[in-house]
Structure formats: C-alpha cells, structure tokens
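Student:
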Amino acid sequence: METEIGLAPNESSRAAESGAESTPFTAFTPVASAPPVQPVPPLPAYPGANPYGPGANPYGYQPYPPYGYGYPPRPTGTNGFSIASFVLGICGFAVITSIVGFFFGLFSLSTIKRTGQKGKGLAISGIVLSSVWMAAFAALVTIGLVTAPDDASPPHRGAGGNVVGKGVVPIFDLHPGDCFTLPPGLMGSTKSAALTFTVAPCSAPHDSEAVGSSTLDEDSYPGADALRAEGASHCIDVLNQYLPDTGAVNGRIEFVYPDEQAWGAGVHRVVCFLQFPDATLTGSVHRDRSSYTADQLSLLDATRPVITTVGRFTLLPQSATLADQEQAASDITTALRGEITALTTEQWPADVQPAIDALVAAHTSAAGLWAQTASAPGTAAFQDDLRRAEDSLDLKDMVAARSALGLASATSGADGSTGSTAPAQQSA
56 METEIGLAPN ESSRAAESGA ESTPFTAFTP VASAPPVQPV PPLPAYPGAN
106 PYGPGANPYG YQPYPPYGYG YPPRPTGTNG FSIASFVLGI CGFAVITSIV
156 GFFFGLFSLS TIKRTGQKGK GLAISGIVLS SVWMAAFAAL VTIGLVTAPD
206 DASPPHRGAG GNVVGKGVVP IFDLHPGDCF TLPPGLMGST KSAALTFTVA
256 PCSAPHDSEA VGSSTLDEDS YPGADALRAE GASHCIDVLN QYLPDTGAVN
306 GRIEFVYPDE QAWGAGVHRV VCFLQFPDAT LTGSVHRDRS SYTADQLSLL
356 DATRPVITTV GRFTLLPQSA TLADQEQAAS DITTALRGEI TALTTEQWPA
406 DVQPAIDALV AAHTSAAGLW AQTASAPGTA AFQDDLRRAE DSLDLKDMVA
456 ARSALGLASA TSGADGSTGS TAPAQQSA
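Just so we're on the same page, the numbering used here is the position in the sequence shown counted from 1, plus 55.
(1) What residues match up with Ser269 in a beta bridge as DSSP calls it?
(2) Quick one: residues in its chain with C-beta nearer than 8 Å to the C-beta of Asp333, no 5 flanking neighbours on either side, listed in chain order?
(3) Could you round the C-beta distance between Ala349 and Ala463 to whole angstroms and report it? I think they count as a contact, below 8 Å.
(4) According to DSSP, which residues form a beta bridge with Glu309?
(5) Compute the minimum distance between the beta carbon of Thr396 and the heavy atoms of the ligand ZN, and state whether it is under 6 Å.
(6) Grab me the residues of Glu381's own chain with a C-beta within less than 6 Å of its C-beta, minus the 5 sequence neighbours each way, in chain order.
(7) Between the Cα of Val219 and those of Ala194, Asp452, Val254, Ala410, spot the shortest distance and give me the residue it belongs to.
(8) For Ile182 and Ser163, I'd like the C-alpha separation in whole angstroms.
(9) Below 7 Å between beta carbons: does that hold for Trp403 and Ile395?
(10) From this set, Asp272, Ser339, Ala431, which residue's C-alpha is nearest Arg442's C-alpha?
(11) Run through DSSP, which three-state label would Ser219 get?
(12) Taking the Cβ atom as the reference point for each residue, do Ser385 and Ser420 lie within a distance shorter than 7 Å?
(13) Quick check on Ala398: does DSSP put it in helix, strand or coil?
(14) In whole angstroms, what separates the C-alpha of Glu264 from that of Arg324?
(15) For Ser464, name the three-state secondary structure that DSSP assigns.
(16) What would DSSP say about Arg342, mapped onto helix, strand or coil?
(17) For Gly503, which residues in the same chain have their Cβ closer than 7 Å to its Cβ, ignoring the five residues on either side in sequence?
(18) With three or more C-beta pairs closer than 8 Å as the rule, is the stretch 338-345 touching the stretch 281-301?
(19) In terms of residue numbering, what span does the beta strand (DSSP E) encompassing Thr251 cover?
(20) Pull up the DSSP beta-bridge partners for Pro372, would you.
(21) Inspect the beta-carbon positions of Leu391 and Ala357 and report whether they are closer than 7 Å.
(22) For Gly213 and Cys146, what's the separation of their Cα atoms in angstroms?
(23) So, is Leu143 buried or exposed, given that buried needs 16 or more other C-beta atoms within 10 angstroms?
(24) By the DSSP assignment, the alpha helix (DSSP H) with Tyr297 in it spans what residues?
(25) Going by the CB atoms, is the gap between Phe136 and Phe159 shorter than 7 Å?
(26) Quick check on the burial criterion: 16 or more other C-beta atoms within 10 angstroms. Buried or exposed for Thr335?
(27) Taking all protein chains shown into account, decide if Gln172 is buried (16 or more other Cβ within 10 angstroms of its Cβ) or exposed.
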C-alpha cells in the first residue's frame, strides 16, 4: 500500500498566529524634579523571627496563596458518552457500532463516577445491548465455521472414481465424469493453473461435465493460438470416446489449456468438458456402448467421421491458408464417402431402410459438392463452393435416420454438441 507523507507546515511567528496587535507606548514627558524621599529605616529584629530567611518554609511546602485556588465547577447534565453508548447499542446490527458502543459505555461509567453526571442507566443499557449484539455475531460466526463445508478439501470418490461428496479439484486434475458448475468469468481468462473447480455428485444440479483430457506433444510452449486449435481438435476425439452418441446432447465441448506459467510447471495437456445452457442437469450424460443396440451403433459409427471432420473444419483459425481450408474440405469428402459405404453395406430393418436411403442420397450429393470445394481454383471460387457444400449437409435426413432407429436428437445445437462449433477459449 502506498503511503503519502505530507510536509510539515511552516512555522510562523506567534504574533502572526495569534493575530495580536502591538500597542505603541505614549511618549513620556518629564516633569519637574521632586524633593528626594527619605528612606524608611528597617524594622528591628525580634525573637522568633523566621531563621530560614524570607519566604522559606522549614517543612518543605509552599504556603497557600493569598486568595487560594478553589475548585473548578463540577460538570452537570447527562454524560455524552453514555448517550452515545445507548444509541450505538441500539444500532449494534452494524457490527462495528456494537463494539464502539460497548467501550463508550465503560468509559462513560468511569466518567460519571468521577463527575457525578447523569446517564448511568443509559451507559449500562448501552453496554448490555452492545454485548448482546456482539454475542449474537460471535454465535453466527461459530455456526458458520462449524457447518460450512471445507472448500479446500478434495472430493470423496466412490470405488469407481465417481464423486460421492463435494470437494475441490485443481483444474487440470478433473476426472472424466466429474460434474460441476462453471465458475463465472472463467472462459476466455488467462489465469494460472492454480484455479480449481468445485465438483459434486452428478445428481446435484450442474451445468458441466468433464469428459477427459489429452496430452500435447510439443516440447516448448506453442503459444495460445496454437493451443486453442490443437486443444479443440483433441477434445473432439476425447468426446467421441466418452460419448458414442454426441448428437443426443445439447451442449458444447469446452476445454481448458495451460498458459505459459502452467506449461513451465509441467502441465502439457488440455482438459475437455461438456457445458450446457443451464445449471439444471441432475445426472451424468456418459453412456457406454452397451447402452445401444447393434443397429444404433452401426449408424453412430458410420456417421461419426463426418461429424468429426466437419467439426475440425469449423475450428480452423482465421489465419488458415487456402490450402489448409481445401485440405479440410477434402477430409470431409473422404468422410462422407466412407459413411456412404458403411451405410450401403449394412443390413437395416425394413422400417429403417427408407430413412437410410434418403440419408445416403443426400450425402452422396454433398460429397460431390465438398469435392468441388476442395479443388476450387482460388479463394473466391472456394467461398462460393463452400456455401453450397455447407447447405448440402441438412440435418433433417440425419435426424430422420436417427429417429427410425430410436435415437434421440438434441433439440438444438446438435453440431455444437459434437464440437463442430468453436469451443470456448482458454482458461488457466
């Protein structure tokens, strides 16, 4: 804390400070000489005179002055501190006033005893009221300390590693399946790895769920921009491993990655989690493959590469070259063709086949448009072809095929739930 030290004021003359005015002396006018006055002879000494000399006192104390000093007038009325104590005791809910009122009361009792002023009852009332307030505050603090959870303690985990008791986890130590509510202002920050998340059982309301992490390969710190792009790409793969059906989740894949300080401390990985619009989830979104039928898994496995490559395409930075964008469009083309092969070679139930045929037809047309985009002769042509290629990936055919197989679809943001929209920026 900076402290300002003021300069001492300049001293001025006492006359100037007091404002005194000097009074001139009137000139003295000499008068005629008067006859000399004869000196009076001294009184004769007598027995019993003071042997210690004039003004001396053999007992070591000074005699009383001619008129005496008397005593100052005693204060009258009600003591001001007793009044203040009583008022502050009434207003003790403001915490500090109860403390001040208590000491004002003690001081006023001492003063009243010495001066005889009124106000003893007010002082005692002020002390009592202030004491009651202070006792109440002390009780509240004690109760709060006893009943408040230890926010610094780690969570309690069951045999499978799931959180069964609320606790604090360092941001890079989140486990897959940890549920929490995202702290406000975290995303987009550049704070250090000392940040923590408070995790709780997924049965408690929350808005986020950790899905896993991925270690980065670089030897030296690659910079924030590179970590954003690489982290998002890694988290798409992590999400696909955690949740076979990403299209059923209306959430966004988010991630945190190390800043330079954390990187220097040895943290070289990104932590991925799903974040949902509201803190109203009361269960985990995790599902394993045993939760699905064979036909459902066939559709999910066939369509996942398309969802993943489209997601990576949308994560390209603005600085990406035309060659980078065309390569991403080529990857989408390859994924679409692979999906078509998988869908056409699978045996589908009769009531599902029409929806699969419609999806194959739509994506066959889309594959052609994406191939044309990947070989565009220049930036302008690429942008024109890209708009048509993106429009060709209409979700309605995908939703119809999913519905035919009994797979739910997210009400909105199905692309976002797979990471096909840009995830939140950095934290930690």
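Glycine included, every Cβ here is placed at the ideal spot set by N, Cα and C.
Tutor: If we stick to the structure as given:
(1) As computed with DSSP, Ser269 is found in a beta bridge with Val325.
(2) Contacts found: Asp262.
(3) Rounded, the Cβ-Cβ distance is 18 Å, inconsistent with contact.
(4) Phe328
(5) This structure lacks the ligand ZN, and indeed carries no ligand of any kind.
(6) Within the same chain, Glu381 has close Cβ partners Ala429.
(7) Val254
(8) 10 Å
(9) no
(10) Between Arg442 and the set Asp272, Ser339, Ala431, the nearest pair of CA atoms involves Ala431.
(11) The displayed chain sequence assigns Val, not Ser, to residue 219. If DSSP states are grouped into helix, strand and coil, Val219 belongs with the strands.
(12) no
(13) For the record, residue 398 in the displayed sequence is Leu; it is not Ala. Under the three-state reduction of DSSP output, Leu398 falls in the helix class.
(14) 18 Å
(15) coil
(16) coil
(17) In this structure the chain extends from 56 to 483, so residue 503 is not present and cannot be described.
(18) yes
(19) 251-255
(20) Per DSSP, none; premise fails for Pro372.
(21) no
(22) 50 Å
(23) When all chains shown are included, Leu143 counts as buried.
(24) 279-297
(25) yes
(26) exposed
(27) buried
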